[in-house]
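Here the structure comes first, spelled out in structure tokens, and everything after it is commentary.
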Amino acid sequence: MGFKNILAIEPNPLTIKALQSNIKINGYENIIKLAPYCVGKEEELTFYSCADLGSSGVIKNELDSSAREIRVQSKTLESILYEYQIRKIDTLKIDIEGYEDVALMPFLKKLTTIYGQESLLLNIQVKNYGEIIFCLICLIQVMREQ
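Taken in order, the sequence shown gives residues 130 to 275; the numbers are from the numbering used here.
Set out below in structure tokens:
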């Protein structure tokens with residue numbers, strides 16, 4: 130059976146190009162939609178595009194000398210879902226390289242009430258244990274509010 134609709138949100142032009150190619154080669158044009166945004170605040174921001182796509186993001190990887198600054202459009206997750214007419218989320222997989230607090234906190238507060246989401250998979254990129262504890266405290270606080 131499989132998924133009927135997939136929304137891939139990706140700000141990096143290099144990754145977008147690879148995704149578009151893979152979508153076409155595999156015949157998923159009617160299933161996978163590609164939103165060319167960074168998830169965060171409603172603004173244009175600096176994004177560091179690297180040869181190693183896993184090192185790209187809004188937080189500069191000082192160890193990757195291939196990083197080049199580009200400007201990308203950032204939108205809240207809620208506004209992207211609205212733009213692509215997503216009203217129900219069955220699965221949400223997020224990997225946003227250290228920008229979780231900015232991108233997710235406004236969305237998490239509405240997660241259950243608007244989207245009926247009961248579970249969430251987070252891939253949290255942190256530089257130290259203090260950041261992990263901060264993320265977990267924020268997540269617990271959001272869940273308590275619901």
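A virtual CB, placed ideally from N, CA and C, is assigned to each residue, including glycine.
All of these numbers come straight from a predicted model, not from anything done at the bench.
- In terms of Cβ geometry, residue 163 and residue 148 form a close pair [threshold 7 Å].
- DSSP lists no beta-bridge partner residue for residue 219.
- In this structure, residue 166 keeps its C-beta atom at 7 Å or more from the C-beta atom of residue 199.
- Scanning its chain for C-beta atoms nearer than 7 Å, with the 5 sequence neighbours on each side dropped, one finds around residue 172 the residues 203, in chain order.
- Boundaries of the beta strand (DSSP E) around residue 164: 161 to 164.
- Remark: C-beta atoms of residue 187 and residue 157 do not approach each other more closely than 7 Å.
- For residue 146, the enclosing alpha helix (DSSP H) has its first and last residue at 142 to 154.
- For the pair residue 190 and residue 177, the Cα-to-Cα distance works out to about 8 Å.
- Secondary structure note for residue 206: its alpha helix (DSSP H) is the uninterrupted segment 206 to 212.
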